[in-house]
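Participant: Heads up, the sequence shown is in the working numbering, so the first residue is 943 and it goes up one at a time. Every residue, glycine too, gets a C-beta built ideally from N, C-alpha and C. Take a look at this one; I'll ask things after.
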Amino acid sequence: MGEDRNWLSWLQAARGSRIAQLFWQMNDRNPLSPWWYIAFKPLIIGLDNGILIARYLMSLLCAVASYVCIRAVGGDDARWFALATGILCAVFTANGYIDNIYWNFIGALSMSLLCIWAYTLYLQSGRTAVVWYGISLVLWFFALSTYTLQSGAVLAIAYLAFSSPQDGSRNLLTAPVARFGRAICDSLVYVGVFGIFLLIWKTTAAPGMAKYYSTEFSFDQAITSLSMAVWHVDFPTYSVWAGRTLSSISGVIAVALFALATFLVTRLAARSDEARTRFSVLSARSAFDLAVVAVCLVIPTILVEASSSVWVPGTRWRMVHQFWVPLYVTVVLAGAYFAISHLSRHRFAEGRLWAGLVGIAAAGIVAINFGHNKEQVAATISERNLKNSLAEIVAREPNIGHFIVKLDPGAYWISKDTMSPVYIKTFFPKRDVTLRIIPSEPPLDPAWGPWWDIVFQDDDEGVANAMIGGGSVPYAETRVLAFDGSKLRSLQGAAANEFAGLAVAWKRDRPLPSDRPTDAAAKSTCSYDWNPTKQIPAVGFDVPEKDTHGAFRWTIGKEAQVTLPACDQPFRVDVKIAFALSEANITGFALTANGASIPLKKSNTSDGLSFMGNSVAGTGGKPLNLVLSVPSLDRPSGGTRELGVAVRQIKVRPVTH
């Protein structure tokens, strides 16, 4: 759902490094980010909820990373604080985003925490186990290359180097010069790696992305971003989600059972500690060290939100919430624990009190999770219903290439219209169709203004801006529909007031025309033309290009398919090929119609080659699916595309005797 579909479209369209290249063409930052998707591709593509499972796995990874990092920084004094944070991190799966676009950024956050953990092991070895220093450096580079805002770990490492024992003393005022020197030396390599990374990034950055990186520091934005650490704009939504969960008996029972399970796990772990020594949640020095490290991790987030007009305060905090929210909750629990222990006259078993508080917090987080998941389920059902409804039209009317959908008040849809091309591409990866969800708000970017409003013109002029980016299409190739979250209904014959308050311009003096029948029941002429610039359902073709003889499209798969209306009599197909990069793809070119091979005769033309052949029979009322095949794909010298043949035109005509 949502922005996840960008990644789904790349995973569907390419393999291996080509996926990373497609990502970089659209978004030239976070270069290791696509490799997380490449690694998880079998899971994401193989299961409907694969990306959700990947997100849950990242919660577990972050839980482990949080625990070992807090234990390493805070020492034995922080073990119960670390356990609580780890448990809450493992069960916390909610976020202000309904989709899961941030899942690999949780992986990057985990790498930052593990980087700090590895560095503390280096310090604990007396700086002799240099392998841990190297592992820490690699983990940090992995983190910032996945998500550049995970660069704050270098500040935490500088602090840990400064605060490590000096001549056996942990007093931060002891030998400050030596401490500063050690902090600079230990962090210098990290800073150098970061500098090299920025230079490489600057070299490969796309000029079109410059506006995303323009910064101007705002003190007001900085204060707002800082306030998000204490009370984020998503927190009221969290409370609504929790309230919805607890409004049902089943929700209360599920949350109560989870609280009990968490209490028992924490209690059993604490009992062994109580038997050996006095139970302690956190010492003052451990609390100070952990606070500094946590702040260091989020400083880049605060700086970006204080300086960017794109990533405003609160938007980037969501990328660190997987660690920050559980940590924040555990701090509140620690405060409650100390207050109850010191102010209450009742003598609590200290481990039992802590386990109870952790259980209550886990229950609250699980209640939030259930509410968040209900939103995800609702969004998924809505998307699936739209896809299924569109699929019926696509199968019935293969000549329809454009869908314009109005959302009824009851429809649940989480994405903006600018995501519509990605939605339709992932809905129907083998069909060349377009989609627009009629916007109800003005464009976010002024550059979108010229094509933002969908323009219903006179019958002979068609619909303008029927596609993202602009373009006019005839009504005969377009369906205008309304979606209520469950099903579609046709808006044939609708008047201007149907689109009141939406981004629609009405330039007609009459209602919309009726849907013209294009299904198999309509009379078939068996006279169809495909050319590279015409919107006819097709898959396996690249974008249109031109040479001196006109337009053409490369096939970019060993098979490329064009779907045309039914033809209920024998027909002749003429495929005009401009050229190919290898003779093998000319001699091995083949054509099938609805699975039946068509024998071809090759002849030379003024603009390339013509491959012509006749079918034995018609399509029996089914759409005509022509599949163009080549034995292999060729890569141009210095290029990245893999190409078959350049197709100029496909003609279908009835066979006359």
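With H, G and I counted as helix, E and B as strand and the rest as coil, what does DSSP make of Gln1318?
Facilitator: If DSSP states are grouped into helix, strand and coil, Gln1318 belongs with the helices.
Participant: Measure the alpha-carbon distance for Cys1509 versus Lys1500 and round it to whole angstroms.
Facilitator: Cα-Cα distance, rounded: 25 Å.
Participant: Hey, is the segment 1510 to 1518 in contact with the segment 1553 to 1568, meaning 3+ C-beta pairs nearer than 8 Å?
Facilitator: Touching, per the Cβ criterion.
Participant: Near Leu1202, what residues of its chain come up, given a Cβ to Cβ distance below 8 Å and the 5 sequence neighbours on each side ignored?
Facilitator: Once the five neighbours on either side are set aside, the close Cβ partners of Leu1202 are Gly1301.
Participant: Measuring CB atoms only, is the segment 1006 to 1019 touching the segment 963 to 981, in the sense that at least three cross pairs come out at less than 8 Å?
Facilitator: No: the two stretches stay apart, fewer than three of their Cβ pairs being nearer than 8 Å.
Participant: Whose CA, out of Ala1276, Gly1563, Ile1540 and Thr1243, lies closest to the CA of Cys1468?
Facilitator: Ranking the options by Cα distance to Cys1468, first place goes to Gly1563.
Participant: Could you tell me which residues DSSP puts in a beta bridge with Trp1448?
Facilitator: Note: Trp1448 sits in a beta bridge opposite Phe1398.
Participant: What did DSSP end up calling Tyr1089 once you bin it into helix, strand or coil?
Facilitator: Tyr1089: coil per DSSP, three-state reduction.
Participant: Using the C-alpha atoms, what's the distance from Leu1079 back to Gly1343?
Facilitator: Approximately 52 Å, taken between the alpha carbons.
Participant: How close, in whole Å, do the beta carbons of Gln1264 and Phe982 come, if the pair is a contact with beta carbons under 8 Å?
Facilitator: No, Gln1264 and Phe982 are not in contact; Cβ-Cβ is about 17 Å, not under 8 Å.
Participant: Can you list, in chain order, the residues of its chain with a C-beta nearer than 8 Å to that of Gln1399? Leave out the 5 residues immediately preceding and following it.
Facilitator: Answer for Gln1399: Val1405, Ala1406, Ser1414, Lys1449 and Arg1450, listed in chain order.
Participant: Starting from Ala1522, follow its DSSP beta bridges and name the residues at the other end.
Facilitator: Ala1522 is bridged to Val1587.
Participant: Can you tell me whether Asn1046 sits near the ligand ATP, meaning its C-beta is under 7 Å from at least one heavy atom of the ligand?
Facilitator: Within the structure as shown, the ligand ATP is missing, as the structure has no ligands at all.
Participant: Tell me which residues share the same chain as Ser1382 and place their Cβ nearer than 6 Å to its Cβ, disregarding the 5 neighbours each side in the sequence.
Facilitator: Contacts found: Leu1444.
Participant: By the DSSP assignment, the beta strand (DSSP E) with His1344 in it spans what residues?
Facilitator: Counting along the chain, the beta strand (DSSP E) containing His1344 begins and ends at His1344 to Leu1349.
Participant: Taking the beta strand (DSSP E) that Lys1500 falls in, what are its first and last residues?
Facilitator: Where Lys1500 is concerned, there is no enclosing beta strand (DSSP E), given that its DSSP letter is neither H nor E.
Participant: Can you tell me whether DSSP reads Gln1108 as helix, strand or coil?
Facilitator: If DSSP states are grouped into helix, strand and coil, Gln1108 belongs with the strands.
Participant: If we ignore side chains and look at the alpha-carbon of each, how far apart do Ile1012 and Met943 end up?
Facilitator: Those two C-alpha atoms are separated by around 34 Å.
Participant: Do Ala1147 and Gln1092 have their CB atoms nearer than 8 Å?
Facilitator: No, they are not a contact pair.
Participant: Closer than 8 Å is the cut-off here; do at least three beta carbon pairs connect the segment 1429 to 1444 with the segment 1348 to 1356?
Facilitator: Contact between the segment 1429 to 1444 and the segment 1348 to 1356 is present, because at least three Cβ pairs lie under 8 Å.
Participant: Examine the Cβ distances between the segment 1236 to 1249 and the segment 995 to 1006 and report whether three or more of them are shorter than 8 Å.
Facilitator: Flag = no, the segment 1236 to 1249 and the segment 995 to 1006 do not touch.
Participant: Going by other Cβ atoms of all chains shown within 10 Å of its Cβ, with 16 needed for buried, is Phe1161 buried or exposed?
Facilitator: Phe1161 should be labelled exposed.
Participant: Is the Cβ-Cβ distance between Ser1008 and Thr1088 less than 8 Å?
Facilitator: No, they are not a contact pair.
Participant: How many angstroms separate the CA atom of Arg1378 from the CA atom of Phe1370?
Facilitator: Whole-angstrom Cα-Cα distance: 15 Å.
Participant: Would you kindly report the start and end of the unbroken alpha helix (DSSP H) that includes Ala1060?
Facilitator: Run containing Ala1060: Trp1045 to Gln1066, per the alpha helix (DSSP H) assignment.
Participant: For Ser1054 versus Ala1005, is the C-beta distance shorter than 8 Å?
Facilitator: No, they are not a contact pair.
Participant: Assuming Asn1556 is part of the alpha helix (DSSP H), what are its boundary residues?
Facilitator: It is not in any alpha helix (DSSP H) - Asn1556 instead sits in the beta strand (DSSP E) that spans Gly1550 to Asn1556.
Participant: Assign Ala1424 to one of three DSSP states: helix, strand, or coil.
Facilitator: Strand, per DSSP.
Participant: Have a look at Ala1592 and Asn1327 and give me their C-alpha separation to the nearest angstrom.
Facilitator: Sequence check: residue 1592 is Ile here, not Ala. Going from the Cα of Ile1592 to the Cα of Asn1327 covers about 34 Å.
Participant: Buried or exposed: where does Thr1475 fall if 16 or more other Cβ atoms within 10 Å of its Cβ makes it buried?
Facilitator: With fewer than 16 other Cβ atoms within 10 Å, it is exposed.
Participant: DSSP puts Thr1505 in a beta bridge; with which residues?
Facilitator: Per DSSP, Asn1567.
Participant: Would you decide whether Asp1606 is buried or exposed? Buried here means 16 or more other CB atoms lie within 10 Å of its CB.
Facilitator: Limits of the chain in this structure are 943 at one end and 1599 at the other, which puts residue 1606 out of reach.
Participant: Per DSSP, what kind of secondary structure is Phe1230 in: helix, strand or coil?
Facilitator: Three-state result, Phe1230: helix.
Participant: Quick check on the burial criterion: 16 or more other C-beta atoms within 10 angstroms. Buried or exposed for Pro1107?
Facilitator: Classification for Pro1107: exposed.
Participant: By a C-beta neighbour count over all protein chains shown, 10 Å radius and 16 as the cutoff for buried, is Arg1583 buried or exposed?
Facilitator: The residue is exposed, with fewer than 16 neighbouring Cβ atoms inside 10 Å.
Participant: In angstroms, rounded to a whole number, what distance separates the CA positions of Thr1420 and Ser1579?
Facilitator: Whole-angstrom Cα-Cα distance: 40 Å.
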